[in-house]
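Under the working numbering, think of the first position of the sequence shown as 12, with each following residue one higher.
Worksheet: one structure, shown below.
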Amino acid sequence: METPEIGLVVCNSGASNTGLLTGLAALEVVRKLGSDKVGICSLPALANKIPRQVMLVKKIKRLIVVDGCRNECSRKILYTLGIKYDKYLNLEHDLGIEKLGPFTTMNYSKEDVEKVSSAVMKKYRKYSAKPSFLQHHVVNSLFYILIIQLLSAAMLLNC
């Protein structure tokens, strides 16, 4: 089993429409990108502080956290464990998808799944995007300026 580049920590609660949407969207992202690039982390195992699962999540280079509602269960569990994440998405706050309450599991549409999976994919692409031509040259220019400054300082010290 290889550790994926990016881990998805999602609510995945089947108790409400938004909780279920986080899990369905995560499955869609893994289907599109492959499990070598993205993996779904076990939130119940993290909540129960299962050592192997906590260790695995800490080994993943980048984490995207997806919560379904204002309760922010996924984010809070990671906070409790001291695990830092890179990107965060909340369906209610960020996408305007209303949580309909408990026992509303099946109250979602294909469009909702697409909206959420697209938002997660967008967060993924921010990691995997190669620097633009301009970004590449700005970094190179800054590097050369630093070298010139270091050489100038070295020449002054030798005087």
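Each residue gets a CB set at the ideal place from its N, CA and C atoms; glycine is no exception.
Predicted model only: the values in this text are computed from it and were never measured.
Which residue from the options puts its Cα closest to that of residue i?
i      : options                               : result
Met-11 : Lys-98, Val-76, Ile-158 and Gly-93    : With the chain covering 12 to 170 only, the question about residue 11 has no answer from this structure.
Leu-44 : Leu-168, Leu-167, Tyr-135 and Ser-163 : Tyr-135
Gly-18 : Ser-85, Asn-28 and Thr-29             : Ser-85
Val-21 : Ile-61, Phe-114, Lys-87 and Ala-165   : Lys-87
Thr-91 : Asp-97, Ala-58, Leu-32 and Tyr-138    : Ala-58
Gln-64 : Leu-106, Ser-53 and Ala-130           : Ser-53
Any heavy atom of the ligand COA inside 6 Å of the beta-carbon of residue i?
i      : result
Arg-86 : Of ligands this structure carries none, so the ligand COA is not represented either.
Counting contacts by CB-CB distance shorter than 7 Å, is residue i in contact with chain D?
i      : result
Thr-29 : Of the chains in the structure shown, none is chain D; there is only one protein chain.
On the criterion of 16 or more Cβ atoms from any shown chain inside 10 Å, does residue i qualify as buried, or is it exposed?
i       : result
Asn-23  : buried
Gly-25  : exposed
Ser-120 : exposed
Ile-159 : exposed
Ser-128 : buried
Thr-14  : exposed
Leu-71  : Just to set this straight, residue 71 is Ile in the shown sequence, not Leu. Buried, because 16 or more other Cβ atoms sit within 10 Å of the Cβ of Ile-71.
Leu-123 : The sequence given here places Asp at residue 123; Leu does not occur at that position. Asp-123 should be labelled buried.
Asp-78  : buried
In the structure shown, what three-state DSSP assignment does residue i receive?
i       : result
Leu-100 : strand
Leu-111 : coil
Ile-158 : helix
Ile-94  : coil
Can you give the Cα-Cα distance for residue i and residue j, rounded to whole angstroms?
i       : j       : result
Leu-162 : Asn-169 : 11 Å
Leu-35  : Ser-46  : 15 Å
Ile-61  : Phe-114 : 28 Å
Arg-42  : Ile-156 : 45 Å
**OP:** Starting from the N-terminal side, write out each stretch of the beta strand (DSSP E) that is 3 residues or longer and does not extend beyond the segment 30-82.
**Re:** 49-51 and 73-78
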